[in-house]
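Notes to accompany the following structure.
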Amino acid sequence: VRLAGGERVAADAVVANVDALHLYRDLVPHRLRRRRAEAAPRSSSGFVLLLGVEGETPDLAHHNLSFSADYEAEFDQLFDAKVPATDPTVYVCAASVTDPTQAPAGHESWFVLVNAPEGGGEMAGYGDHLLEVMAARGWDLSGRVVHREQISPADIESRFRTPGGAIYGTSSNGRAAAFLRPGNRG
Numbered sequence: 004v005r006l007a008g009g010e011r012v013a014a015d016a017v018v019a020n021v022d023a024l025h026l027y028r029d030l031v032p033h034r035l036r037r038r039r040a041e042a043a044p045r046s047s048s049g050f051v052l053l054l055g056v057e058g059e060t061p062d063l064a065h066h067n068l069s070f071s072a073d074y075e076a077e078f079d080q081l082f083d084a085k086v087p088a089t090d091p092t093v094y095v096c097a098a099s100v101t102d103p104t105q106a107p108a109g110h111e112s113w114f115v116l117v118n119a120p121e122g123g124g125e126m127a128g129y130g131d132h133l134l135e136v137m138a139a140r141g142w143d144l145s146g147r148v149v150h151r152e153q154i155s156p157a158d159i160e161s162r163f164r165t166p167g168g169a170i171y172g173t174s175s176n177g178r179a180a181a182f183l184r185p186g187n188r189g
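Counting from 1 along the sequence shown, just add 3 to a position and that's the residue number in our numbering.
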């Protein structure tokens, strides 16, 4: 194994917890495996809002899920049109509900996740849209958000070197997909 500084370290095995395309394109040049990884369809990405919320939200659990009114249309937008869903399924983890140390007194911490198309599509303004969707479903945070960060598919791609921000690596869809995924051994 060659380190960033040029030093070589002998190893009998190397464990890589990275996307296969990043591994075979950037870290372990292997032409055949790289071509296979490049040809494989990517899974979906995600769009995340990290929120600090003032006050307490009634009936909020640690894990919360609100489904799209039209699940099929949501996935048509994500996988066929490759655009963010207008009516997404929304997952909210409010860890401060069960662990008060996760937010200051009188506040809640929210991790909000929705599926996003691999590559992202146009995400400008999507965080605001998502807050509107949540308000329509009973989670109206108007005037209560004291901290907000968002993580887009482009951010995921940049931070974790996963092409297109695909959070599950290659797609698992199709009859043979499981057999075509990269193997566990080099």
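Every residue gets a Cβ at the ideal spot worked out from N, C-alpha and C, and that includes glycine.
Other residues of its chain near residue i: CB distance less than 6 Å, five sequence neighbours each side excluded
| i | result |
| --- | --- |
| residue 153 | 52, 130 |
| residue 150 | 55 |
| residue 116 | 49, 51, 94 |
Other residues of its chain near residue i: CB distance less than 8 Å, five sequence neighbours each side excluded
| i | result |
| --- | --- |
| residue 90 | 71, 72, 73, 76, 77, 136 |
| residue 20 | none |
Contact under 9 Å by Cβ, residue i with residue j
| i | j | result |
| --- | --- | --- |
| residue 119 | residue 155 | yes |
| residue 97 | residue 68 | no |
| residue 22 | residue 166 | yes |
| residue 109 | residue 41 | no |
| residue 169 | residue 45 | yes |
| residue 81 | residue 112 | no |
| residue 28 | residue 39 | no |
Buried versus exposed, by CB contacts within 10 Å (16 or more), residue i
| i | result |
| --- | --- |
| residue 87 | buried |
| residue 161 | exposed |
| residue 163 | exposed |
| residue 34 | exposed |
| residue 5 | exposed |
| residue 99 | buried |
| residue 190 | Here the chain covers residues 4 to 189 and nothing more, so residue 190 does not appear. |
7 Å CB neighbourhood of residue i in its chain, flanking five on each side removed
| i | result |
| --- | --- |
| residue 66 | 96 |
| residue 147 | 56, 57, 58 |
Nearest-angstrom Cβ-Cβ length linking residue i and residue j, presumed shorter than 8 Å
| i | j | result |
| --- | --- | --- |
| residue 134 | residue 144 | 6 Å |
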